[in-house]
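Position one of the sequence shown corresponds to residue 2 (our numbering), numbered consecutively onward. The C-beta atom is built at its ideal place from N, Cα and C for all residues, glycine as well. What follows is one structure encoded as structure tokens, with my remarks underneath.
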Amino acid sequence: MNDARVGVFDSGIGGLTVAAAIMRALPDERVVYVGDTARVPYGPKSPATVVRYSRQIAAWLLEQHVKAIVIACNTATAHALETLQREVPVPVIGVVQPGARSAVRATRTGRIGVIGTTGTINSGAYHRAIAALSPAATVIGAACPLFVPLVEEGWLDHPATRLIAESYLAPMRDAGIDTLVLGCTHYPLLASLIADVLGPGVTLVDSAAETAIALQDVLRSQSLQCSGASVGLGHRFIATDAPESFLRVGQRFIGPALQHVETTVFA
Ligand code: DGL
Numbered sequence: 002m003n004d005a006r007v008g009v010f011d012s013g014i015g016g017l018t019v020a021a022a023i024m025r026a027l028p029d030e031r032v033v034y035v036g037d038t039a040r041v042p043y044g045p046k047s048p049a050t051v052v053r054y055s056r057q058i059a060a061w062l063l064e065q066h067v068k069a070i071v072i073a074c075n076t077a078t079a080h081a082l083e084t085l086q087r088e089v090p091v092p093v094i095g096v097v098q099p100g101a102r103s104a105v106r107a108t109r110t111g112r113i114g115v116i117g118t119t120g121t122i123n124s125g126a127y128h129r130a131i132a133a134l135s136p137a138a139t140v141i142g143a144a145c146p147l148f149v150p151l152v153e154e155g156w157l158d159h160p161a162t163r164l165i166a167e168s169y170l171a172p173m174r175d176a177g178i179d180t181l182v183l184g185c186t187h188y189p190l191l192a193s194l195i196a197d198v199l200g201p202g203v204t205l206v207d208s209a210a211e212t213a214i215a216l217q218d219v220l221r222s223q224s225l226q227c228s229g230a231s232v233g234l235g236h237r238f239i240a241t242d243a244p245e246s247f248l249r250v251g252q253r254f255i256g257p258a259l260q261h262v263e264t265t266v267f268a
């Protein structure tokens, strides 16, 4: 048993979709969430920069005595998971492996689409993770960089968003995929629009719920689960830029669980 919090981090607010899934699946656990709002987006940045940012956040989380770290950001998982798993003395879980697992389970034809930031798609992380689980699968990747600002703007069913989605997703439709991985923290908020554009034959997969299960497995196997005595401890939410916008946009992702935002700065 271990009543310490679980550290969860993302480039910004989008990873709250993963934090929410953890809170739903593991209601006894308490989370300390860092959203690196001062330096978002990670999607277009180089792997070296994303690794540097991820190391800084992991070091800060360790100072808060977390018992495990979940990288809720797909781009940070793609670039920094292996580095952190090597360097950090607590278990580190990313979102790519769980997303790949869900996709392989969902597909019937073996034709899987993956959408994500430019960094995630260029890294090939999803392609590798899916190929390791199902070598016969065909993976079609597409970067959708405009989706993140559209979601942050709250344009979840705006005609402009629909037009952009149709353009991004046309190659997926042409390739005849039957499963699409929403490989970015923000995309679950566009799920109904994307489902509409792709039609009923395509299953959408989001890694949040599967990541919570992966966390549960790790906590269980290492006897790190909460005893249930930490209920009074509460979740913590930390932004690296103005807390007001984190609070406002974050509630769109996680609802009323988010009431108070602390701030910190990484040099
Ligand atoms: N959190 C990022 C991801 O899941 C999306 C936002 C960004 O580009 O930083 O890849």
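In whole angstroms, what is the alpha-carbon distance linking residue i and residue j?
i: Ala-122; j: Tyr-188; result: Looking at the sequence provided, one finds Ile at residue 122 rather than Ala. Cα to Cα, Ile-122 sits roughly 14 Å from Tyr-188.
i: Gln-226; j: Gln-217; result: 8 Å
i: Gly-111; j: Thr-50; result: 34 Å
i: Ala-144; j: Pro-45; result: 10 Å
i: Ile-14; j: Pro-136; result: 34 Å
i: Val-89; j: Tyr-54; result: 14 Å
i: Ala-126; j: Thr-264; result: 31 Å
i: Val-41; j: His-80; result: 15 Å
i: Ser-193; j: Asp-158; result: 9 Å
i: Gly-256; j: Ser-228; result: 26 Å
i: Ala-60; j: His-66; result: 10 Å
i: Arg-129; j: Val-97; result: 10 Å
i: Asp-37; j: Gly-177; result: 37 Å
i: Phe-267; j: Ile-239; result: 12 Å
i: Asp-4; j: His-261; result: 22 Å
i: Pro-28; j: Tyr-169; result: 37 Å
i: Ser-246; j: Asp-179; result: 37 Å
i: Lys-68; j: Val-9; result: 11 Å
i: Gly-161; j: Val-152; result: The identity of residue 161 in the sequence shown is Ala, whereas the question assumes Gly. Going by the C-alpha atoms only, they are around 12 Å apart.
i: His-236; j: Ile-195; result: 32 Å
i: Leu-82; j: Ile-72; result: 8 Å
When every heavy atom of the ligand DGL is checked, does at least one fall within less than 7 Å of the C-beta of residue i?
i: Tyr-54; result: no
i: Tyr-270; result: There is simply no residue 270 to check, as the chain begins at 2 and stops at 268 in what is shown.
i: Asp-11; result: yes
i: Val-71; result: no
i: Val-182; result: no
i: Asn-123; result: no
i: Cys-145; result: no
i: Thr-118; result: yes
i: Asn-3; result: no
i: Gly-15; result: yes
i: Val-97; result: no
i: Val-115; result: no
i: Gly-8; result: no
i: Thr-76; result: yes
i: Pro-42; result: yes
i: His-128; result: no
i: Thr-186; result: yes
i: Val-152; result: no
i: Val-149; result: yes
Could you tell me how far apart the beta carbons of residue i and residue j are, in whole angstroms, since I believe they sit closer than 8 Å?
i: Arg-6; j: Val-35; result: About 11 Å; that fails the 8 Å criterion.
i: Thr-114; j: Ile-141; result: It is Gly, not Thr, that sits at residue 114 in the sequence shown. With 8 Å as the limit, Gly-114 and Ile-141 qualify as a contact, their Cβ atoms being about 5 Å apart.
i: Val-182; j: Val-198; result: With a Cβ gap of about 16 Å, Val-182 and Val-198 do not count as contacting.
i: Thr-212; j: Ile-94; result: 7 Å
i: Gly-202; j: Leu-17; result: Actually they are not in contact, since the Cβ atoms of Gly-202 and Leu-17 sit about 30 Å apart, beyond 8 Å.
i: Ser-208; j: Ser-103; result: 7 Å
i: Ala-101; j: Ile-131; result: 5 Å
Can you tell me which of the options puts its alpha carbon nearest to the alpha carbon of residue i?
i: Pro-92; options: Phe-254, Arg-221, Arg-109 and Val-149; result: Arg-221
i: Ala-215; options: Asp-29, Ile-70, Glu-64 and Leu-199; result: Ile-70
i: Gly-117; options: Arg-87, Ala-81, Cys-74 and Val-89; result: Cys-74
i: Thr-108; options: Val-96, Thr-139 and Arg-87; result: Thr-139
i: Arg-249; options: Arg-25, Gly-155 and Ser-193; result: Gly-155
i: Phe-254; options: Leu-191, Val-203, Val-219 and Thr-212; result: Leu-191
i: Cys-185; options: Leu-259, Gln-260 and Asp-11; result: Asp-11
i: Arg-106; options: Gly-8, Tyr-169, Tyr-43 and Leu-134; result: Leu-134
i: Met-173; options: Thr-162, Thr-78, Pro-150 and Gly-200; result: Gly-200
i: Gln-86; options: Val-52, Ala-243 and Ala-22; result: Val-52
i: Leu-147; options: Ile-131, Leu-164 and Ala-132; result: Leu-164
i: Arg-25; options: Val-219, Ala-210, Val-149 and Ala-243; result: Ala-210
i: Met-2; options: Ala-22, Glu-30, Val-19 and Ile-23; result: Glu-30
At a Cβ threshold of 8 Å, is residue i touching chain D?
i: Thr-204; result: Here chain D cannot be found, since the structure has a single protein chain.
Segments of 3+ residues assigned as beta strand (DSSP E) that fall wholly inside the segment 121-154 | 139-144
Enumerate, from N- to C-terminal direction, the unbroken alpha helix (DSSP H) stretches of 4 or more residues contained entirely within the segment 42-70.
-> 48-64
Whole runs of the alpha helix (DSSP H) within the segment 169-220, excluding any shorter than 4 residues | 192-199
Could you tell me which uninterrupted beta strand (DSSP E) segments, each at least 3 residues in length, are contained entirely in the segment 224-268, listed from first to last along the chain?
-> 237-240
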